[in-house]
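Throughout the sequence shown, residue numbering follows my numbering, covering 2 to 505 in sequence. Glycine is no exception: its CB is placed at the ideal position from the N, C-alpha and C atoms.
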Amino acid sequence: MQELNLFSTPLDAKLLNPGSKQSWGGLQGASAALCIANCAREHTGPVLVLTENSQQAQRLRAELAFFCHSDEAGSDFFLEEFPDWETLPYDTFSPHQDIISQRLKILAKLVQLERGLLIVSINTALHRLSPRQYVQGSRLSFGLGQHVDIEALTRQLQNTAYQRVEAVYEHGEFALRGSILDIFPMGADSPFRIEFFDDEIESLRSFDPETQISQEKIDAISLLTGKEYPFDKTAIEAFRRHFREAFAVDLRKCPLYEDVSQGIATAGIEYYLPLFFERMDHLFDYLPANTLLLSYGNVHEGAELFWRDINSRFTEHGVDPQRPLLPPEQMFMPVNDFFAQLKKYPQIQLHSLASEQQHAQASTQNFPDLSVEHKQEEPLAALQAFLQGQEKQGAVLFCADSPGRRETLLDLLKRIKVYPQPLDNWQSFLRERPACAICVSPMESGFWLKDPAMAVITESQLFVHHVSQRRRRGKFHNDADIVVKSLTELRQSDPVVHIDHGVG
């Protein structure tokens with residue numbers, strides 16, 4: 002995989018020892034994501050990126066997917082954003098099953114991760130986590146020809162917080178119909194159908210949850226636990242004991258205590274997670290010792306703001322005797338404790354601005370105003386002047402939000418007789434080095450390098466007043482009320498809306 006060095010002077014790798022701390026500056030726009038991608042390729046262990054907030058983490062994840070994409074066969078680079086619960090501290094709502102699934106999948110991989118990139122916002126990183134022994138020790142595996150006690154398996158699935166339903170649609174659900182067991186394992190991309198002949202597994206297939214139709218055959222599957230907490234009799238009894246020790250309240254007037262006692266996982270139970278375990282872990286308990294830490298944005302300020310929010314909500318909602326709350330220190334890591342843990346790893350702080358105190362500075366420079374002025378006689382005058390100067394200096398890469406937007410941008414550039422070469426990805430651009438190219442990328446802000454001379458220009462730089470609609474995280478779910486159920490309902494010249502390209 003080819004690489005582009007952002008720094009004019011070589012970096013001293015010897016400085017990256019446990020406990021060392023460096024500061025790199027001048028990383029404007031998406032050059033920070035490119036720098037992180039380069040670090041992940043050079044470092045011999047995993048790389049953890051801490052961001053100031055969740056929005057920053059999501060944006061970095063999208064940009065890193067562009068820079069880390071590889072054309073090499075068999076390349077399977079680990080790149081994940083550890084998702085937040087997306088609930089407010091001490092909320093009475095539980096996270097969506099897809100979020101829990103992704104969190105468990107990542108935690109299970111982290112313990113044995115040799116190389117890769119994990120992005121996490123400081124808000125998410127401050128949460129205490131289930132013990133790694135629980136996440137690792139709750140796995141179940143099945144293979145063709147294996148003999149299984151179906152009744153015992155059903156009890157085991159329920160004990161690991163899987164929910165029995167009539168038909169499986171979401172993560173953490175299973176359904177048993179005669180000799181067929183459907184299950185959607187946490188961390189899996191699709192549900193599976195297990196067919197038994199007596200007590201022997203005769204067939205294993207994935208299936209489509211929307212149509213319930215079986216698909217490709219597989220040889221074996223592995224199941225993660227259904228929740229971030231156990232829910233068997235032992236765990237429920239531990240919860241009851243810890244609840245009584247933690248709160249001096251009338252238990253008969255606590256719906257949450259009564260629900261758990263009856264085996265009901267009530268909404269918001271995640272904020273009582275420590276009551277299911279003797280001790281809790283944190284993110285650093287899952288990370289290998291050779292992890293490199295990168296921080297992007299004002300992470301310390303983000304941590305302080307989040308901690309104030311935690312205390313504020315604890316004060317506001319902790320007065321209800323029917324729903325007493327655990328102290329913040331039991332659910333979250335105090336800020337000082339969190340940053341003390343960082344000292345065990347080599348750290349690099351990334352900054353958009355450059356200063357004399359930094360160990361390294363990227364060779365970026367400020368863009369002139371490239372915005373398209375539709376009301377002017379020459380709307381593309383600023384861009385045209387920039388490109389004429391850049392022709393003598395280096396390559397230009399235009400980045401469009403989608404394939405449809407790419408075609409629109411190509412039509413626009415024809416007006417000033419600029420014809421970029423369409424490319425599939427960043428690696429193609431580095432490999433071919435055309436004078437002018439265009440590709441699809443979710444970058445919000447580009448960057449302009451002095452050495453090597455190169456400019457990456459995004460749509461948002463050209464269309465300053467254009468607000469692009471960002472894709473929502475997660476899968477797209479069709480609404481049965483609005484989906485066209487039959488092609489006969491369509492008529493010639495009817496307008497249609499494409500998921501990616503809009504109205505057509």
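*asked:* Any contact between the region 156-163 and the region 188-197? By contact I mean 3 or more CB pairs, one from each, below 8 Å.
replied: no
*Can you grab the Cα-Cα spacing for the pair S142 / W308, in whole Å?*
Computed Cα separation, rounded: 40 Å.
*asked:* By DSSP's criteria, E82 is part of a beta bridge. Which residues make up the other side?
replied: I120
*Could you check the C-alpha separation between K218 and S191 for me, to the nearest Å?*
13 Å
*May I have a chain-ordered list of the beta strand (DSSP E) segments no shorter than 3 residues that lie completely inside the region 442-466?*
448-450, 455-459
*Among I417, M444, V336, A401, which has the Cα closest to the Cα of P423?*
A401
*Taking the DSSP output, what are the residues bridged to S142?*
S142 is bridged to S223.
*In terms of residue numbering, what span does the alpha helix (DSSP H) encompassing L388 cover?*
382-391
*asked:* Please return the same chain residues whose Cβ sits closer than 6 Å to the Cβ of S55, not counting the five positions on each side in sequence.
replied: D85, S122
*Would you identify the three-state DSSP class for I439, choosing helix, strand or coil?*
strand
_Measuring only the C-alpha atoms, how far is F244 from L276?_
7 Å
*Mark Y420 as exposed unless 16 or more other C-beta atoms lie within 10 angstroms of its C-beta, in which case mark it buried.*
exposed
*Closest residue to P19 among I37, G46, Q359, G26 (Cα-Cα distance)*: Looking at I37, G46, Q359, G26, the one whose alpha-carbon comes closest to that of P19 is G46.
*CB G30 to CB A355, shorter than 8 Å?*
A355 sits away from G30, with the two beta carbons spaced by 8 Å or more.
*Is it right to say S89 is buried, meaning 16 or more other beta carbons lie within 10 angstroms of its own, or is it exposed?*
Note that residue 89 corresponds to Leu in the displayed sequence, not to Ser. L89 comes out exposed.
*For W25, write down the residues that DSSP places opposite it in a beta bridge.*
L351, A361
*Using a Cβ-Cβ cut-off of 6 Å (strictly less than) and excluding sequence neighbours within five positions of L17, which residues of its own chain qualify?*
P347
*Extent of the continuous alpha helix (DSSP H) to which S262 belongs*: 256-262
*CA-CA distance, S139 and L225?*
6 Å
*Pick from Y287, Q103, I214, P369: whose alpha carbon is nearest that of Y135?*
Y287
*Among E460, Q428, D425, which has the Cα closest to the Cα of T409?*
Minimum Cα distance to T409 is reached at E460.
_What would DSSP say about V50, mapped onto helix, strand or coil?_
Under the three-state reduction of DSSP output, V50 falls in the strand class.
*Kindly indicate which residue of A221, L118, L61, A382 has the alpha-carbon position closest to the one of N291.*
Among A221, L118, L61, A382, the Cα nearest to that of N291 belongs to L118.
*Does DSSP put K218 in a helix, in a strand, or in coil?*
Of the three classes helix, strand and coil, the one that applies to K218 here is strand, per DSSP.
*Going by Cα to Cα distance, which pick from E279, Y91, S131 is closest to A268?*
Ranking the options by Cα distance to A268, first place goes to Y91.
*Out of E64, L108, S262, point me to the one whose CA is closest to H283's CA.*
L108
*Cβ-based neighbour list, F430, same chain, cut-off 6 Å, excluding 5 preceding and 5 following*: L398, L424, A438
*Can you find at least 3 beta carbon pairs, one from the region 204-212 and one from the region 175-194, that sit closer than 8 Å?*
yes
*Please state whether DSSP places E196 in a helix, a strand or coil.*
strand
*Per-residue burial, A436 [other beta carbons within 10 Å of its own, 16 or more giving buried]*: exposed
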